[in-house]
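J.: In order, the protein sequence lines correspond to chains A and B.
Letter by letter, the first sequence follows residues 0 to 349 in numbering that gives the first Met the number 0.
Letter by letter, the second sequence follows residues 0 to 349 in numbering that gives the first Met the number 0.
Number of protein chains: 2
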Amino acid sequence: MTSIDTPAVLVDLNVAERNIRKYQKYCDEHALQLRPHIKTHKLPVLAEYQIAQGAIGITCQKVSEAEAMVAGGDMRDVLITYNILGSEKISKLRSLSERIPLSVVSDNSKVVEDLSKGFADATEPLAVLVECNTGADRCGVSTPTMAAELAVLIESSSGLNFAGLMTYPPTGEAAKVTNWLKEAKEMIKAHGIEVPIISSGGSPDMWNAHEMPLATEYRIGTYVYNDRSLVAREVCEFSDCALTVLATIVSVPSNNRALVDAGSKVLTSDLLGLEGYGHVLGRPDITIDQLSEEHGRLVCDGSIDLEVGQQVRIVPNHACVVSNMLDHVVLMRGNEIEGDEKVAARGKVW
Amino acid sequence: MTSIDTPAVLVDLNVAERNIRKYQKYCDEHALQLRPHIKTHKLPVLAEYQIAQGAIGITCQKVSEAEAMVAGGDMRDVLITYNILGSEKISKLRSLSERIPLSVVSDNSKVVEDLSKGFADATEPLAVLVECNTGADRCGVSTPTMAAELAVLIESSSGLNFAGLMTYPPTGEAAKVTNWLKEAKEMIKAHGIEVPIISSGGSPDMWNAHEMPLATEYRIGTYVYNDRSLVAREVCEFSDCALTVLATIVSVPSNNRALVDAGSKVLTSDLLGLEGYGHVLGRPDITIDQLSEEHGRLVCDGSIDLEVGQQVRIVPNHACVVSNMLDHVVLMRGNEIEGDEKVAARGKVW
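(1) Evaluate Ile-336(A) with the Cβ neighbour count: other Cβ atoms within 10 Å of its Cβ, from every protein chain shown; 16 or more gives buried, anything less gives exposed.
(2) Should Glu-216(B) go down as buried or exposed, given a rule of 16 or more other Cβ atoms within 10 Å for buried?
(3) What is the DSSP secondary structure of Leu-164(A), reduced to helix, strand or coil?
(4) Hey, Asn-225(B) and Asn-18(B) are a contact pair by Cβ (cut 8 Å); roughly how many whole angstroms apart?
(5) Quick one, which residues of the region 274-301 of chain B are near chain A if we go by CB-CB under 8 Å, in chain order?
(6) At least one CB of chain E closer than 8 Å to the CB of Thr-247(B): is that the case?
(7) Would Gly-171(B) be called buried (16 or more neighbouring beta carbons within 10 Å of its own) or exposed?
(8) If I follow the unbroken beta strand (DSSP E) through Asn-82(A), where does it start and stop?
(9) Could you name the residues of chain B that Pro-212(A) contacts, counting a contact when the two beta carbons are closer than 9 Å?
(10) If we define contact as Cβ-Cβ less than 8 Å, is Ser-263(B) a contact residue for chain A?
(11) Decide if Asn-13(B) is buried, meaning its Cβ has at least 16 other Cβ atoms within 10 Å, or exposed.
(12) Runs of 4 residues minimum, wholly inside the region 211-264 of chain A: which ones carry the alpha helix (DSSP H) assignment?
(13) Taking its Cβ as the centre, do 16 or more other Cβ atoms sit within 10 Å of Asn-207(A), making it buried, or is it exposed?
(14) What is the rounded straight-line gap between the Cα of Leu-305(B) and the Cα of Val-314(B)?
(15) Within its chain, find whatever has a CB closer than 6 Å to the CB of His-209(A); leave out the 5 residues flanking it on each side and keep chain order.
(16) If we cut at 8 Å on Cβ distances, does Trp-179(B) have a partner in chain A?
(17) Which of the three DSSP states is assigned to Gly-272(B) in this structure?
(18) Does any CB atom of chain B fall closer than 8 Å to the CB of Arg-137(A)?
(19) Taking 8 Å as the threshold (beta carbon to beta carbon), is Leu-258(A) in contact with chain B?
(20) From the DSSP secondary-structure annotation, give me the bridge partner or partners of Arg-312(A).
(21) Would you please verify whether the beta carbon of Lys-24(B) is less than 8 Å from any beta carbon of chain A?
(22) Is the shortest distance between the beta-carbon of Asp-339(B) and the beta-carbons of chain A less than 8 Å?
(23) Return the residues of the region 203-233 of chain A that lie within a Cβ-Cβ distance of less than 9 Å from chain B, sorted by chain order.
(24) Is His-209(B) helix, strand or coil when you go by DSSP?
(25) Using C-beta distances below 6 Å, list every residue in its chain close to Leu-242(B), excluding the 5 sequence neighbours before and after it, in chain order.
(26) Which value, in whole angstroms, describes the spacing of the CA atoms of Leu-92(B) and Cys-235(A)?
(27) Any idea if Asn-334(A) is buried or exposed, counting beta-carbon neighbours within 10 angstroms, 16 or more meaning buried?
(28) Can you give the Cα-Cα distance for Glu-87(A) and Ala-65(A), rounded to whole angstroms?
(29) Please list the partners that Ser-250(A) has in chain B, where partner means a Cβ-to-Cβ separation under 7 Å.
(30) For Met-324(A), go through chain B and note every residue whose CB falls closer than 9 Å to its CB, in chain order.
(31) What does Thr-267(B) touch in chain A if you count any residue whose Cβ is under 8 Å from its own?
(32) Measuring only the C-alpha atoms, how far is Thr-42(B) from Cys-131(B)?
(33) I believe Leu-78(B) touches Thr-133(B) by the beta-carbon criterion, under 8 Å. Please report the beta-carbon distance rounded to the nearest angstrom.
(34) Find the residues of chain B that neighbour Ser-253(A), judging by a C-beta separation of less than 7 Å, and give them in chain order.
(35) Between which two residues does the alpha helix (DSSP H) carrying Ala-46(B) extend?
(36) With 8 Å set as the bound, which would you pick, yes or no: does the beta-carbon of Cys-131(A) sit closer than that to a beta-carbon of chain B?
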């Protein structure tokens with residue numbers, strides 16, 4: 000890899016494509032529709048591969064991400080799992096809806112009212128799912144009753160169409176989450192409104208998605224690359240990690256310490272409950288105990304045994320956020336370089 | 000601010016310029032040469048203001064940062080405080096050195112040898128400082144003896160010129176650091192080599208820089224914007240914080256919880272020893288207790304008293320890393336919008 004200037008984010012397509020096929024097979028076996036979240040790779044080329052393998056479309060978190068993905072490839076169908084507010088964003092959403100089948104979520108009446116204003120005179124109504132808080136305590140209506148009330152409001156709002164329920168469930172709570180969603184679904188049906196989609200998701204619980212048969216769709220992002228946090232949760236192995244950071248040792252100031260040229264501007268400060276900021280492949284004895292913006296500090300109990308100028312590959316704690324740090328990633332197949340790829344949806348926070 | 004699409008990074012030029020003038024005055028009073036680190040703002044327009052007020056030049060951490068800054072304005076003189084390795088980087092460094100007075104640092108013989116190869120036939124020798132570890136335990140030679148040995152190597156290497164000593168000292172250790180550097184300086188002078196520059200730095204200790212009169216230069220980055228970490232260390236007040244994140248409340252799912260549309264892709268996960276991910280201006284009762292990529296979770300003990308659609312301004316824990324997240328910042332003067340500014344050195348990690 001001496002021809003790659005470091006630090007660099009490498010994506011092994013062989014591994015990423017294998018991860019995509021493996022999880023698609025799982026979803027096919029369990030009759031679960033897969034709608035990958037593009038936040039992990041932000042690359043139209045990988046989204047197209049996911050769709051070619053059987054994904055029904057993609058998930059984006061922001062309107063600007065959806066714009067970048069739709070501009071870069073054939074995304075088929077897009078769900079934006081976010082409360083969209085403001086005339087600028089809703090106007091962009093409207094334009095996007097004229098190009099591709101689109102759905103969004105809401106957990107409050109203000110968002111429903113604003114969306115309705117923006118889509119009142121649209122040719123096709125906008126599909127809106129109700130976001131439900133089933134225990135993760137981020138967004139989402141708090142109770143099945145509130146979910147039903149919001150579903151009724153959506154269905155009665157001009158330009159909108161109630162499309163179902165969406166949740167990002169807490170890990171390991173399939174039974175509890177199922178009860179919540181089942182109750183909401185029944186309450187909504189009692190109003191004479193169908194609930195065609197129930198969308199769940201999350202990488203940590205990816206191999207238990209079948210434990211919630213009520214869900215029709217599963218949204219998942221990190222599975223395409225995997226990362227140190229998913230290895231720690233025993234969801235995958237390091238050999239399943241498609242994204243690595245290539246870094247050069249720039250200093251070995253003492254016997255048990257070395258510095259690499261990748262700091263928080265590449266690896267980010269995300270810990271996800273772990274100790275240290277990444278895993279140096281082939282060196283389980285090393286801890287990345289400290290990051291500054293442009294340095295990563297590698298320490299170990301014994302001799303660090305690294306030389307200035309040597310390269311190492313690091314599996315980051317959290318692959319999604321690393322994808323957001325650089326404008327380009329280097330696509331690889333094993334040790335062969337395929338070329339640079341622009342991260343089309345990088346920095347798209349609007 | 001309803002005309003600004005959120006999330007947005009706002010920079011109040013009135014505050015930034017006041018911070019620049021105030022610290023320049025301090026340096027002038029103590030006969031300390033100021034060499035601001037551009038990592039905080041990454042904007043040629045603010046570097047030019049720093050130089051106009053009296054800074055002797057700028058500090059960059061990477062060659063690609065220096066390239067972006069030199070391309071964007073008149074930087075006068077650039078110090079790159081990094082061990083530069085690899086033929087691609089050294090070739091870029093050589094090009095840059097033909098445009099502007101340039102100096103770099105090294106803490107090991109490998110870097111010195113590679114720089115010497117790259118500059119052996121240069122018209123002007125490259126100025127190289129020795130990076131010293133005076134207690135921060137990142138890069139830097141470990142002892143004054145090693146500093147002297149490396150200075151001798153630099154001075155005897157074709158194409159290079161020993162320029163002095165550089166350190167990023169631990170906080171509150173002025174006496175200890177002074178002794179370290181004094182010993183190194185004397186050992187180098189005993190070899191008949193002058194030590195024209197002694198470069199120290201760091202924002203947390205900025206108002207104590209005069210306690211180390213041995214230093215000829217001071218490098219400092221965060222002072223231009225300040226941030227929550229410097230408020231916590233009592234280096235400044237919130238009213239001195241020039242960089243804020245403008246965010247919109249997108250969900251108020253319960254009485255004591257609200258979500259904003261700025262998550263770790265804007266605020267970053269940097270904690271710098273603090274609790275929570277930022278300070279909501281005017282709401283000291285609120286904690287930002289959790290970030291996901293596109294959501295920040297605001298909680299408080301009492302009623303959160305925020306409405307969906309409302310905007311808030313957040314002082315981040317660490318301003319430098321927030322500057323690196325978006326392609327543009329919004330320049331302001333008080334509440335007046337001056338316009339968008341491209342963050343020229345954003346994502347420049349090479």
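Don't be surprised by glycine CBs; every beta carbon is placed ideally from N, CA and C.
T.: So, from the listed chains and residues:
(1) exposed
(2) buried
(3) strand
(4) 6 Å
(5) Gln-289, Ser-291, Glu-292, Glu-293, His-294 and Arg-296
(6) Of the protein chains in the structure, A and B, none is chain E.
(7) exposed
(8) 77-82
(9) In chain order: nothing, as chain B lies at least about 27 Å away.
(10) yes
(11) exposed
(12) 227-231
(13) exposed
(14) 18 Å
(15) His-29
(16) no
(17) coil
(18) yes
(19) yes
(20) Leu-245(A)
(21) no
(22) no
(23) none
(24) helix
(25) Val-10, Tyr-224 and Ala-318
(26) 42 Å
(27) exposed
(28) 15 Å
(29) Asn-82, Asp-106, Asn-107 and Cys-138
(30) Asn-323, Met-324, Gly-346 and Val-348
(31) Ser-263, Thr-267 and Ser-268
(32) Per the sequence shown, residue 42(B) should be read as Leu rather than Thr. In a straight line, the C-alpha of Leu-42(B) is about 28 Å away from that of Cys-131(B).
(33) Not really, about 18 Å apart at Cβ, beyond 8 Å.
(34) Ser-141
(35) 43-51
(36) no
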